[in-house]
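Sequence positions in the sequence shown follow numbering that gives the first Met the number 0 and run 0 to 161.
Just so you know, even glycine gets a beta-carbon here, dropped at the ideal spot from N, CA and C.
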Amino acid sequence: MKTFSNELFDTAFILMFLWSIRFISFNWQKRRIVLEKDGQNYFFYVGGRLVYEGEIHNIYFRLRSQCSSNGSTYYRLVLNGFHVEEQELSSMTTNKAALELLAKRIAFKTNVNYFDSDDVSISHIVRHVNPKTFYLKPKSKRPAMRSNKRMSVTRATLEAFY
């Protein structure tokens with residue numbers, strides 16, 4: 000003879016089981032990040048469904064560091080961005096110089112931003128900035144930019160602050 004609490008437990012168990020099956024099936028689908036050829040947008044797909052379309056300044060390569068119990072630091076290369084699940088691109092290694100060289104080369108070939116494991120570093124390579132929040136100066140004090148000349152991001156960034 001079943002009581003109300005047993006029936007409620009059985010119902011909750013069945014619902015949790017069905018929810019788990021749905022969650023597992025969703026996470027088994029392939030993730031795919033597509034960069035436009037003109038380098039302006041990226042697309043994040045789960046399975047065959049488009050999850051997010053964003054601007055290229057919102058996606059980046061980064062070295063992640065993790066300290067071990069024996070005192071050495073291990074590094075890993077990841078691809079991350081806004082509304083994108085972090086994708087691990089390499090295994091853990093203690094050879095930061097080789098992994099940094101690889102990361103910079105991949106970032107150059109794909110024309111995507113690169114950030115070092117340290118938050119403040121001279122190794123960051125910013126190829127794309129957010130055009131909406133780029134300038135901190137008022138519009139009247141911004142440098143006049145000619146449309147036919149490409150300006151380096153570093154120079155433009157420095158002119159935005161000084």
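Going by beta carbon distance, what residues of the same chain come within less than 7 Å of residue i, once the five residues before and after it are set aside?
| i | result |
| --- | --- |
| A40 | Here residue 40 turns out to be Asn, not Ala, going by the sequence shown. Correct list, in chain order: E52, G53, E54, I55. |
| I105 | F60 |
Measuring CB to CB, does residue i end up less than 8 Å from residue j?
| i | j | result |
| --- | --- | --- |
| L78 | F60 | yes |
| D118 | L62 | no |
| K92 | S71 | For the record, residue 92 in the displayed sequence is Thr; it is not Lys. No, Cβ-Cβ distance for T92 and S71 is not below 8 Å. |
| Y74 | L98 | yes |
| L171 | T109 | This structure gives no information on residue 171, because the portion of the chain shown stretches from 0 to 161. |
| K103 | I124 | yes |
| Q86 | R30 | yes |
Less than 8 Å between C-beta atoms, sequence neighbours within five positions excluded: which residues of the same chain meet that for residue i?
| i | result |
| --- | --- |
| Q28 | V45, G46 |
Give the secondary structure of residue i by DSSP, where H, G and I count as helix, E and B as strand, and everything else as coil.
| i | result |
| --- | --- |
| R21 | helix |
| E6 | helix |
| I121 | coil |
| N40 | strand |
| N129 | coil |
| N110 | coil |
Straight-line CA distance for residue i to residue j?
| i | j | result |
| --- | --- | --- |
| F8 | M15 | 10 Å |
| N129 | I13 | 47 Å |
| Q65 | K95 | 12 Å |
| G80 | I58 | 4 Å |
| N112 | F25 | 29 Å |
| I20 | L88 | 27 Å |
| E84 | F42 | 12 Å |
Review point. Quick one: complete beta strand (DSSP E) runs, 3+ long, within the segment 68–103?
Key: If one requires a minimum length of 3 residues, the beta strand (DSSP E) runs lying completely within the segment 68–103 are 72–80, 83–87, in chain order.
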